[in-house]
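Everything below concerns the one structure shown next.
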Amino acid sequence: MKRVQAIIESSENVAGAVSTPGLAGPFSHGVPDPANSPITSTKPVAQPERLPDSHKELEGIIRILTNVIEVSKTKSAELASVQEKIRESEGRLLAIMNHSASIVMLKDVAGRYEFVNRCFEELFDVDAATVIGKTDHQLFGADIGQVLRGCDLETIASAGVTHSFDDVTIGGRAVRLESMRFPLFDLDGVVTSVCTQASDSSLKRHADEQLRLAAKVFDRSGEAIVITDPHAVILTVNAAFTRITHYTIDDVIGKTPRILQSGQHAPEFFEHMWRGLRNDGAWQGEIINRRKNGEIYPEWLTINAVKDDAGDLVNYVSISRDITHVRESQRRIEFLATHDALTGLPNRTLLSDRLDHAICQARRGDHRVAVLFIDLDNFKNINDSLGHDVGDMLLKQATERLKKSVRDSDTLARLGGDEFVAVLSNVSVDDVHVVAARIVDFMATVFQVNENTLFVSASIGISMFPEDGNDSVSLLKNADTAMYSAKDDGRNQYQFFANHMKVLIMQRMALETSLRLALIGGCLRMEYQPKIHLATGAIIGAEALVRWHDPVLGEVAPAQFIPVAEGCGLISILGSRVFEMVSGQIACWRSMGIAVPPIAINVSAHQLREPRFVDNIAAVIASSGVPAYSISIELTESALMERVDQVRERLLQLESMGVTLSVDDFGTGYSSLAYLRKLPIGELKVDRSFIDGLTDQPDDRSVAKTIIDMAHALGMQVVAEGVETLAQLRVLQSQGCDIAQGYLFYRPLAPDEFVRALTAGSLAICGPVLQVENL
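Per the numbering used here, numbering through the sequence shown is continuous, rising by one, with the last residue being 801.
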């Protein structure tokens, strides 16, 4: 060993000598030439240690040492190269991880982050420097941190790859990570770290949900969807396609939509369709197709061309819906725009067109046209008492009778309600007489509607072209005028228009205009006719009667202007004005200390039908400050029979307010005892038509007696109106009548006259002679 060490040391000297200049050779065995030696010392040169005996052995050792040196140099170079490659590999690995679309993170066994890649930084909006050394608990909170730590521990325990879905919250947004974890080991096989590779599955999940939603929409859409390839070969269809066309998916796969062609479109139609698809990438329109069973149907079709990112056509997608019901609805709407929904007859719009056309033909052909305005008498009472269902069926039966009364070439129209119009072209006056008489006869016969036997009649007004008008408006107007004249003359008849009827119409229009001005200008006044208690002669009430004095027309009777107000829609305004005037007068009297008995106000059926009738009365009473019992409402018997359920409800509301109720003109309508006893009626007024015949008509006397007895049996008082003679009074007294009203006692009085009558005391009803005022 010492020898090897000496050799190594010698070799180092030799190596040094090799590099010494002046030697003859790298390994010279001679003594150096003193003359050439740089050494200037005069001391003798020391002799080197004795070289090995064998020169070859020395050369071998030198070669070994040389190789060792060379290997050492080579290993150092290789080590440096390996280290460089490691650094390059580390750089590439870091670049790969930073450019990876997945999140890459490395944590030690304690859960502290050792590395995160750039994707982690971007997703969580953090810097790697702020993450390294922290735990999930510190980054995400206790709940999420505990779950993530559990996943890491599971990976360490299994010493293998694990998978999980990790839910974390980033900036208020929930993110689901699909994660894969695997452990890293040291040389001794001990886990030193856990590497996690994760991807945001939220977008994928959203995309999957969108795909599922699209598939669900495709399958469950109510519209037929067809997808074809670029050559229009069908790839798939949805369930709605099968439901609409009756073709199954197996019937159409591999075929083209030509199997649906109905043959009702010209080739130009399809050329236009394909031109739109080529130029615009879409087409939309209505098309007539054929179902599998051969049935033709209309559909609304939309076709879109689908192209890829390169702009190449890949699919056609068509969406269509069956519009059969839409077309039927449109036809129905178009029909209803010109026809009556109940009877199917032409309405006013179509009537005007046909009448204009008939007038034009009559002018060219020099012949006549007749317009018959037909109104069903008593229909309103039937409709209101028996209900609209019965009324509608009656109108249908009446329509059939009218159709049989006119020719097929004539026009029969319904204007609404119970009004019809017939237009007869190219007729003579005699022809019109025949048709009108036939209609009157047909309408007068009995109608059987369900279990009801009904009777109506027809009032007809007739106008002729060209005598009564040169256009449709004037002919219809004049026929309407003639119809009202027929009604006024007793109904169930027909009348031709006459010029004097125009005068009546003009008077009616003037009266309506003046009435409107009177309502605005305060030309109305109230008078009060007392009611006399026959047992005591005392005034126990009065009826308020409206009066009108016009500056031009003079004194206008209520019998003239009340029907006009009802006909033109002013009756509600007039009724409200009467309530205000009467309640105001009562309030004035009460403020003067006058004890005022109940004042009765007449209410028409039109007013009673108003939805806010009761509310309006309540408002007037409240604003005037008068007690409700100071007002009584008089309703006609016919008004009670209209919409009976609604009337009963409103009368009960009035009774609950304290308003008393009376039935006027009793005996002229169709009310029944069973119905009256259900209403809060306190008083019946016997119609004056029965009072007029009390003394000389046994029937009228019997009717009056029956009404009085019936009313008393129902707990009602009886008022006889229109009492004008002492003989009538005696009969009423003998029959037990409670109250009387009429000229025998008092005419309608002005407010101050009524007060004087109140303060004058009771009328003497003693002995055979009745001493009364104003006889």
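Each residue gets a CB set at the ideal place from its N, CA and C atoms; glycine is no exception.
Rounded separation between residue i and residue j - CA only
{"i": "V152", "j": "D338", "result": "43 Å"}
{"i": "L421", "j": "C386", "result": "31 Å"}
{"i": "S346", "j": "L376", "result": "36 Å"}
{"i": "H298", "j": "L149", "result": "52 Å"}
{"i": "F244", "j": "P324", "result": "22 Å"}
{"i": "R573", "j": "A462", "result": "41 Å"}
{"i": "L381", "j": "L398", "result": "12 Å"}
{"i": "D379", "j": "R433", "result": "19 Å"}
{"i": "A448", "j": "Q679", "result": "45 Å"}
{"i": "I275", "j": "S205", "result": "41 Å"}
{"i": "R638", "j": "A644", "result": "10 Å"}
{"i": "N93", "j": "F208", "result": "46 Å"}
{"i": "T350", "j": "G443", "result": "33 Å"}
{"i": "P293", "j": "W300", "result": "11 Å"}
{"i": "R676", "j": "A250", "result": "56 Å"}
{"i": "E140", "j": "D134", "result": "7 Å"}
{"i": "V343", "j": "T254", "result": "7 Å"}
{"i": "S649", "j": "C549", "result": "22 Å"}
{"i": "G595", "j": "S609", "result": "23 Å"}
{"i": "T507", "j": "M527", "result": "7 Å"}
{"i": "K160", "j": "T195", "result": "17 Å"}
{"i": "M131", "j": "Q164", "result": "16 Å"}
{"i": "F267", "j": "W309", "result": "19 Å"}
{"i": "I647", "j": "P653", "result": "7 Å"}
{"i": "V578", "j": "A585", "result": "18 Å"}
{"i": "G593", "j": "V472", "result": "29 Å"}
Cβ distance (whole Å) where residue i is taken to contact residue j below 8 Å
{"i": "T282", "j": "V259", "result": "6 Å"}
{"i": "S540", "j": "M509", "result": "With 8 Å as the limit, S540 and M509 do not qualify as a contact, their Cβ atoms being about 25 Å apart."}
{"i": "D418", "j": "M667", "result": "Actually they are not in contact, since the Cβ atoms of D418 and M667 sit about 19 Å apart, beyond 8 Å."}
{"i": "N143", "j": "I129", "result": "7 Å"}
{"i": "L634", "j": "V582", "result": "Not confirmed; about 24 Å, so no contact."}
{"i": "E709", "j": "Q754", "result": "About 19 Å; that fails the 8 Å criterion."}
{"i": "C763", "j": "A746", "result": "5 Å"}
{"i": "L402", "j": "M469", "result": "7 Å"}
{"i": "T437", "j": "P492", "result": "Not quite, the Cβ-Cβ distance comes to about 18 Å (not below 8 Å), so this is no contact."}
{"i": "D193", "j": "A200", "result": "7 Å"}
{"i": "L441", "j": "R374", "result": "5 Å"}
Residue i classed as buried or exposed, judged by whether at least 16 other C-beta atoms fall within 10 angstroms
{"i": "L105", "result": "exposed"}
{"i": "H632", "result": "buried"}
{"i": "T222", "result": "buried"}
{"i": "V332", "result": "exposed"}
{"i": "T271", "result": "buried"}
{"i": "R727", "result": "buried"}
{"i": "R389", "result": "exposed"}
{"i": "D334", "result": "exposed"}
{"i": "P724", "result": "exposed"}
{"i": "Q611", "result": "buried"}
{"i": "L203", "result": "buried"}
{"i": "S80", "result": "Low confidence applies here, because S80 scores a pLDDT of 49, under 50, leaving its location unreliable; read the following figure in that light. Burial call: exposed."}
{"i": "N264", "result": "buried"}
{"i": "P74", "result": "Because the pLDDT of P74 is 48, which lies under 50, any placement of that residue in the model is unreliable, and the number read from its coordinates should be weighed accordingly. With fewer than 16 other Cβ atoms within 10 Å, it is exposed."}
{"i": "G768", "result": "buried"}
Contact test: residue i Cβ vs the ligand MG heavy atom, cutoff 6 Å
{"i": "Q387", "result": "This structure does not include the ligand MG; it has no bound ligands of any sort."}
Below-7 Å beta-carbon distance, residue i vs any chain D residue
{"i": "V640", "result": "Structure shown: chain D not included; a single protein chain is present."}
Top-ranked residue by Cα proximity to residue i, from the options
{"i": "A783", "options": "V578, D576, N315 and Y554", "result": "Y554"}
{"i": "S451", "options": "T471, G443 and A396", "result": "A396"}
{"i": "I465", "options": "Q521, R316 and L579", "result": "Q521"}
{"i": "F716", "options": "K704, V749 and L502", "result": "V749"}
{"i": "L705", "options": "V670, M683 and M736", "result": "V670"}
{"i": "A183", "options": "L210, G171, M607 and L165", "result": "L210"}
{"i": "L545", "options": "S598, D515, G516 and E147", "result": "S598"}
{"i": "R534", "options": "F523, A568 and I588", "result": "I588"}
{"i": "D515", "options": "K503, L502 and G487", "result": "G487"}
{"i": "W326", "options": "R304, G320, A336 and V352", "result": "V352"}
{"i": "A424", "options": "L775, V475 and L179", "result": "V475"}
{"i": "S617", "options": "V482, G651, G311 and A336", "result": "G651"}
Specify whether the region 401-408 and the region 490-501 touch according to this definition: at least 3 beta carbon pairs, one from each stretch, less than 8 Å apart.
-> no
For the region 615-633 and the region 656-672, state whether three or more C-beta atom pairs, one from each stretch, are separated by less than 8 Å.
-> yes
With a cut-off of 8 Å, do at least 3 Cβ pairs link the region 279-293 to the region 304-322?
-> They touch, by the three-pair rule.
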